[in-house]
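Colleague: The listed protein sequences correspond, in order, to chains A and B. FYI, in my numbering the residues of the first sequence are 1 to 197. FYI, in my numbering the residues of the second sequence are 1001 to 1144. Quick reminder that beta carbons are idealized off the backbone N, C-alpha and C, glycines included. Source: prediction; values computed, not measured.
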Amino acid sequence: LIADLIPLFTQLSADDHDSVRLLTVESSIAIAEQLKLDEKKALMLVSLRSLYNDKSWRVRYVVAEKFVRLAQAVGKEIINEDLVSAFVHVLKDSEAEVRTAACQSIPGKRLIDCLLAELFVNFDILGFGALIEPAIVLKEIIPCVKELVTDSSPHVRAAVALQISGLAPLLGKEKYVHHNNHQQEKTNFHLAPLITC
Amino acid sequence: LQCLRDDSSDVRLNIISKLDNVNKVIGIELLSQSLLPAIVELSEDKQWRVRLAIIEFMPLLAKQLGVEFFNDKLSSMCLGWLSDPIFSIREAATINLRRLIEVFGAQWAKNHILQKVTAFGNHTVFTYRITTIFALTVSCLPPF
């Protein structure tokens, strides 16, 4: 049945009306959870790319808001191939609302997830940062966070302020070697200046 | 059976909700003769909450009445709710489709629902297309 519904999903994810397209983000999660990796790549990737590059900020906002669930649904390989660059894209979005929503998916934990986790013991509390390698966090996400802490929108800065500490456990105490061979803990080197700025 | 013709929609809804007991005693044919007009009337009730209540009974009715009766008399009604003017009814109609798929299976959905839902996806009115997306999403979710 899902195979029969995918053409319909593809068609509606390219609908003229953004109110239709933004609802296909939730559909894409539901469909991706049921498909195998090769099926996801063959049948969904084009539609997913069009959603996170959508011309309407409302669609990109929904993508940013549901990014962690989307990432969990598509799996590690598509995350590394496609979703890291997509996440950087929404973190650098031209609309502050999209950047704010994306900020909430950055770290290992989201505030709302923590609240839900208290109600449902098995609720998954991962953020996007916890779904990718620390090296990728360092290379791709941290530079965006550096820009976001001085964002022109106070809402974006507030969202970063709420989430930035969640990156600390991901970076850990591992030593980071500077270009001048000086060693320092990754968290101290990358996050401390952003938190204290 | 007098209760199925009662003036109060609550009375009719309550008797329909407890059909499984009655069905065992008086049989599906006699029951369906009285039942069908009551269901049709409730499905078109001007109060949307009454329509909502009968939608929620549909999976139960589907189990009780069987696939043949359902296809003949009730499936068009279930698809009709997808274009109801009230959002809550359209939303409930999509969840109802999902529950019906659980009762009758995916092959039944392919044969009896897919064509209509796909046609909704091509409708010029965007609210119909939104309903299609809801139907698509709930159909792909893991079993309730």
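(1) So within the stretch 1067-1100 of chain B, which uninterrupted alpha helix (DSSP H) runs reach at least 4 residues, ignoring any that extend past its ends?
(2) Glycine 129 of chain A: buried (16+ other C-beta within 10 angstroms of its C-beta) or exposed?
(3) Could you check what DSSP says for aspartate 54 of chain A in three-state terms: helix, strand or coil?
(4) Excluding the 5 residues preceding and the 5 following asparagine 1071 of chain B in the sequence, name in chain order all residues of the same chain whose CB lies nearer than 7 Å to its CB.
(5) When the Cα atoms are used, what is the spatial distance from valine 149 of chain A to proline 134 of chain A?
(6) Between which two residues does the alpha helix (DSSP H) carrying arginine 1005 of chain B extend?
(7) Just to confirm, are tyrosine 52 of chain A and histidine 89 of chain A a CB contact at a threshold of 8 Å?
(8) Pick helix, strand or coil for glutamine 1047 of chain B, following the three-state DSSP scheme.
(9) Below 7 Å CB to CB, which residues in the same chain sit around valine 1138 of chain B once its five sequence neighbours on both sides are set aside?
(10) Can you find a C-beta in chain B that's less than 8 Å from the C-beta of histidine 17 of chain A?
(11) Below 8 Å on the Cβ atoms is my contact criterion, and I expect leucine 1074 of chain B with leucine 8 of chain A to pass it. Report the Cβ-Cβ distance as a whole number of Å.
(12) For the alpha helix (DSSP H) containing alanine 32 of chain A, name the first residue and the last one.
(13) At a CB distance below 8 Å, what residues from the stretch 1093-1121 of chain B approach chain A? Give them in sequence order.
(14) Quick one: give me the first and last residue of the alpha helix (DSSP H) that glycine 1121 of chain B is part of.
(15) Of all the options A:Leu35, A:Ala3 and A:Leu70, which has the alpha carbon lying nearest to the alpha carbon of threonine 24 of chain A?
(16) Give me the Cβ distance between isoleucine 1055 of chain B and alanine 1092 of chain B, rounded to the nearest whole Å; I'm assuming they're in contact under 8 Å.
(17) Between which two residues does the alpha helix (DSSP H) carrying glutamine 72 of chain A extend?
(18) May I ask you to report which of helix, strand or coil DSSP gives glutamine 1033 of chain B?
(19) What does leucine 12 of chain A touch in chain B if you count any residue whose Cβ is under 8 Å from its own?
(20) Can you name, in chain order, every residue of its own chain whose Cβ lies under 7 Å from the Cβ of leucine 1036 of chain B, other than the five neighbours on each side?
(21) Determine the burial state of isoleucine 1125 of chain B: buried for a count of at least 16 other Cβ atoms within 10 Å of its Cβ, exposed for fewer.
(22) Three-state secondary structure (DSSP) at glutamate 147 of chain A?
Modeller: Straight from the coordinates:
(1) Counting whole runs of 4 or more residues, the stretch 1067-1100 of chain B contains the alpha helix (DSSP H) stretches 1075-1080.
(2) By the 10 Å Cβ count, glycine 129 of chain A comes out buried.
(3) Under the three-state reduction of DSSP output, aspartate 54 of chain A falls in the coil class, being neither helix nor strand.
(4) Excluding five sequence positions before and after asparagine 1071 of chain B, the CB atoms of its chain that fall closer than 7 Å to its own CB belong to His1112, given in chain order.
(5) The straight-line gap from Cα to Cα measures roughly 20 Å.
(6) For arginine 1005 of chain B, no alpha helix (DSSP H) encloses it, and the DSSP letter there is neither H nor E.
(7) At the C-beta level, tyrosine 52 of chain A and histidine 89 of chain A come within 8 Å of one another.
(8) Glutamine 1047 of chain B: coil per DSSP, three-state reduction.
(9) Contacts found: Thr1094, Ile1095 and Arg1098.
(10) Answer yes: the Cβ-Cβ gap between histidine 17 of chain A and chain B drops below 8 Å somewhere.
(11) A Cβ-Cβ separation of about 24 Å leaves leucine 1074 of chain B out of contact with leucine 8 of chain A under the 8 Å criterion.
(12) Unbroken alpha helix (DSSP H) run through alanine 32 of chain A: 24-32.
(13) Of all residues in the stretch 1093-1121 of chain B, only Ile1101, Ala1106, Ala1109, Lys1110, Leu1114, Val1117, Thr1118 and Gly1121 place a beta-carbon less than 8 Å from a beta-carbon of chain A.
(14) Annotation: the continuous alpha helix (DSSP H) that includes glycine 1121 of chain B extends over 1114-1121.
(15) A check of alpha carbon separations from threonine 24 of chain A across A:Leu35, A:Ala3 and A:Leu70 identifies A:Leu70 as the nearest.
(16) With a Cβ gap of about 5 Å, isoleucine 1055 of chain B and alanine 1092 of chain B count as contacting.
(17) First-last of the alpha helix (DSSP H) with glutamine 72 of chain A: 67-74.
(18) It is helical.
(19) Per Cβ cutoff of 8 Å: Gly1121, Arg1129, Thr1132, Ile1133 and Leu1136.
(20) Result list for leucine 1036 of chain B: Lys1073, in chain order.
(21) Here the sequence assigns valine to residue 1125 of chain B, which means isoleucine is not the residue at that position. Result: exposed.
(22) In the three-state scheme derived from DSSP, where H, G and I count as helix and E and B as strand, glutamate 147 of chain A is classed as helix.
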